[in-house]
Ligand SMILES: [Zn+2]
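Numbering (my numbering), first residue to last: 83 to 454.
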């Protein structure tokens, strides 16, 4: 049994003086296990992660949690409330146009500096001192910055401040209309089969502003900096982005299954009793990020999406059928657009009406099977 403590964290302030807050649930670990940070809904329309956090809380309160756990649903109070008609927008900051999940901070000078200054430091000291260093840097650069930062960067910094305390970071998202897929850093490849997620993207250590990268890049680059000095250390932090279905969609049953998938990873890591949850048997497919291809609409029109999500599509098989009803008297009133390569369709655009150049599908190409 674990006690869950609820609080609210101020993340920004609106023009009328009203504070914007996010709910924070914490559990104090009983036995020095790895610490965990789980966040959902930084993109306003991607609500399913909140249901997964609900189901995780339901499970955690019955379990003995060995490590400290922090859960943050509804992570973006601005994005969640950004509605247009019946839709939630919430992917981009309406003021700056920036993607809400690109505002996190990483100072790439720190890993090499730290490794050079502390070549022989004990590993436990490295973890605590390097963590303190990157937290201090985040506070100076983003939270207490003398010239300030944008609203989005401040929100991200307040969330990242909590995430940097953790050994395991899970950022819960969804695609637009999407199958489940996992973003997994290449160094943590072995962990990919511990989640019940059939499609896995392996990402390199480039920093593009997302939360998972902001949490693992410092540690991955620290490991590499030590390696260059001839010393081998583990990457101390694991961070993943889980894409759990489609936006504007919520299902508590599916969320229960996803909470068990997360628990099988956490159980393997010793956050809860090892062996309590185990990953499901399934065929898992991997794809390197460079082979994750966007298929842009070659022309405008009304779209019938044909390629099944999560399904394998052979080269030359149909992706979409397009209707140009304004050209009924022309041969191209209906046109089938075909897959340029063998691929797996992971997600597609949410609307059935597209401009030329719209991101129609995202596709795994050159995919491979993962062995458990
Ligand atoms: Zn997202």
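Even glycine gets a Cβ: it sits at the ideal position worked out from N, Cα and C.
Checklist entry - Considering only C-alpha positions, which residue in the set 380, 172, 220 and 390 is nearest to residue 192? => result Taking the chain shown and counting its residues from 1, one reaches residue 192 at position 110. Of the candidates 380, 172, 220 and 390, the one whose C-alpha sits nearest the C-alpha of residue 192 is 220.
Checklist entry - Which first and last residues belong to the beta strand (DSSP E) in which residue 211 is found? => result As a working note, residue 211 is residue 129 in the chain shown. Run containing residue 211: none in the beta strand (DSSP E); it sits in the alpha helix (DSSP H), 205 to 220.
Checklist entry - Can residue 401 and residue 383 be called in contact, C-beta distance under 8 Å? => result In the chain shown, residue 401 corresponds to position 319, counting from 1. In the chain shown, residue 383 corresponds to position 301, counting from 1. Result no, Cβ atoms of residue 401 and residue 383 do not sit closer than 8 Å.
Item to check | Nonlocal neighbours in the same chain, by C-beta distance under 7 Å from residue 341, ignoring five residues either side | outcome: Working through the chain shown from its first residue, we reach residue 341 at position 259. Excluding residues within five positions, the ones whose Cβ falls inside 7 Å are 134, 137, 138 and 141.
Item to check | Option in 255, 187, 270 and 129 with minimal Cα separation from residue 291 | outcome: Here residue 291 refers to the residue found at position 209 of the chain shown. Minimum Cα distance to residue 291 is reached at 187.
Item to check | residue 125 versus 111, 148 and 161, residue with shortest Cα-Cα distance | outcome: Here residue 125 refers to the residue found at position 43 of the chain shown. Minimum Cα distance to residue 125 is reached at 161.
Item to check | Reduced DSSP secondary structure (H/G/I, E/B, other) of residue 138 | outcome: Walking along the chain shown from the start, residue 138 turns up at place 56. Of the three classes helix, strand and coil, the one that applies to residue 138 here is helix, per DSSP.
Item to check | Proximal residues to residue 217 (C-beta, below 8 Å), its chain only, five neighbours per side dropped | outcome: Residue numbering aside, residue 217 sits at position 135 when the chain shown is read from its first letter. Result list for residue 217: 243, 246 and 247, in chain order.
Checklist entry - If you draw a straight line from the C-alpha of residue 298 to the C-alpha of residue 189, how long is it? => result By one-based count along the chain shown, residue 298 stands at place 216. By one-based count along the chain shown, residue 189 stands at place 107. Roughly 12 Å separates the two Cα atoms.
Next on the checklist: With a threshold of 7 Å (Cβ to nearest heavy atom), would residue 128 be considered close to ligand 1?
Outcome noted: Counting from one through the chain shown, the residue named residue 128 turns up at place 46. Under cutoff, so the answer is yes.
Next on the checklist: Any beta carbon from chain D within less than 8 Å of residue 184's own beta carbon?
Outcome noted: No chain D is part of this structure, which consists of one protein chain only.
Next on the checklist: If contacts are defined as beta-carbon pairs under 8 Å, then residue 68 and residue 421 qualify, I think. What distance do you get, rounded to the angstrom?
Outcome noted: Missing from the structure shown is residue 68; the chain here goes from 83 to 454 and no further.
Checklist entry - What span of residues does the alpha helix (DSSP H) with residue 159 cover, start to end? => result For this step, residue 159 is matched to residue 77 along the chain shown. Start and end: 159 to 162.
Checklist entry - Which full runs of the alpha helix (DSSP H) of 4+ residues lie inside the region 332 to 394, going along the chain? => result 334 to 350
Checklist entry - Under three-state DSSP, which class holds residue 92? => result Locating residue 92 in the chain shown gives position 10, counting from the first residue. Strand, per DSSP.
Checklist entry - What do you get for residue 281, buried or exposed, if any count of 16 or more other CB atoms within 10 angstroms of its CB means buried? => result Counting from one through the chain shown, the residue named residue 281 turns up at place 199. Its Cβ being crowded by 16 or more others within 10 Å, residue 281 is buried.
Checklist entry - Which stretch, first to last residue, makes up the alpha helix (DSSP H) that contains residue 460? => result A question about residue 460 goes unanswered here, because the residues of the chain that appear run from 83 up to 454.
Checklist entry - residue 400 bridges to which residues according to DSSP? => result Stepping through the chain shown from its first residue, residue 400 is reached at position 318. Paired residues: 420.
Next on the checklist: Using CA atoms only, rank isn't needed, just tell me which of 295, 336, 114 and 92 is closest to residue 105.
Outcome noted: Taking the chain shown and counting its residues from 1, the one referred to as residue 105 is at position 23. The shortest C-alpha separation from residue 105 is found at 92.
Checklist entry - Is residue 335 buried or exposed, if buried means 16 or more other CB atoms sit within 10 Å of its CB? => result Residue mapping note: residue 335 aligns to position 253 of the chain shown, counting from 1. Flag for residue 335 reads exposed.
Next on the checklist: Can you tell me whether residue 439 is buried or exposed? The criterion is at least 16 other CB atoms within 10 Å of its CB, across all chains shown.
Outcome noted: Residue 439 sits at position 357 when you count from the first residue of the chain shown. Counting Cβ neighbours within 10 Å, residue 439 comes out exposed, since fewer than 16 surround it.
Next on the checklist: Is any non-hydrogen atom of ligand 1 found closer than 7 Å to the C-beta of residue 430, if you look at the structure I gave you?
Outcome noted: Working through the chain shown from its first residue, we reach residue 430 at position 348. Outside the cutoff, so no.
Checklist entry - For ligand 1, any of its heavy atoms closer than 7 Å to the Cβ of residue 183? => result Walking along the chain shown from the start, residue 183 turns up at place 101. Flag set: Cβ of residue 183 near ligand 1.
Checklist entry - Does the region 156 to 176 touch the region 353 to 364, meaning 3 or more C-beta pairs lie closer than 8 Å? => result no
Checklist entry - Do the region 339 to 354 and the region 270 to 279 make contact, defined as three or more Cβ pairs closer than 8 Å? => result yes
Item to check | Cβ pair count under 8 Å reaching 3, the region 260 to 268 against the region 425 to 436 | outcome: yes
Next on the checklist: Between residue 263 and ligand 1, is there a pair consisting of the residue's CB and a ligand heavy atom that are separated by less than 7 Å?
Outcome noted: Position 181 of the chain shown, counted from the start, is the residue given in the question as residue 263. Answer for residue 263: no, Cβ out of range of ligand 1.
Item to check | beta-carbon residue 255 near ligand 1 non-hydrogen atom, thresh 7 Å | outcome: For the purposes of this step, residue 255 is identified with residue 173 of the chain shown, where counting begins at 1. At least one heavy atom of ligand 1 is nearer than 7 Å to the Cβ of residue 255, so yes.
Checklist entry - Which residue comes first and which comes last in the beta strand (DSSP E) that contains residue 246? => result The residue given as residue 246 occupies position 164 in the chain shown. Here residue 246 belongs to no beta strand (DSSP E), and DSSP marks it neither H nor E.
Checklist entry - Helix, strand or coil: which one does DSSP assign to residue 197? => result In the chain shown, the residue the question calls residue 197 occupies position 115. Helix, per DSSP.
Checklist entry - If you count every other CB in all the chains shown that lies within 10 Å of the CB of residue 418, and 16 or more means buried, which is it? => result Within the chain shown, the letter at position 336 stands for residue 418. Residue 418 is exposed by the Cβ-count criterion.
Checklist entry - Among residues of its own chain, excluding the 5 on either side of residue 258, which ones have a beta-carbon nearer than 8 Å to its beta-carbon? => result The residue you call residue 258 lines up with position 176 of the chain shown. Within the same chain, residue 258 has close Cβ partners 328, 329, 429, 430, 431 and 432.
Next on the checklist: For residue 322, which residues in the same chain have their Cβ closer than 7 Å to its Cβ, ignoring the five residues on either side in sequence?
Outcome noted: As a working mapping, residue 322 is identified with position 240 in the chain shown. Taken in chain order, the residues that qualify are 252, 264, 265, 266 and 294.
Item to check | Proximity of residue 354 and residue 116 at Cβ, strictly below 8 Å | outcome: Taking the first residue of the chain shown as 1, we reach residue 354 at position 272. Taking the first residue of the chain shown as 1, we reach residue 116 at position 34. For residue 354 and residue 116, no; Cβs fall outside 8 Å.
Checklist entry - How would you write the range of the beta strand (DSSP E) that residue 34 sits in, first residue to last? => result Missing from the structure shown is residue 34; the chain here goes from 83 to 454 and no further.
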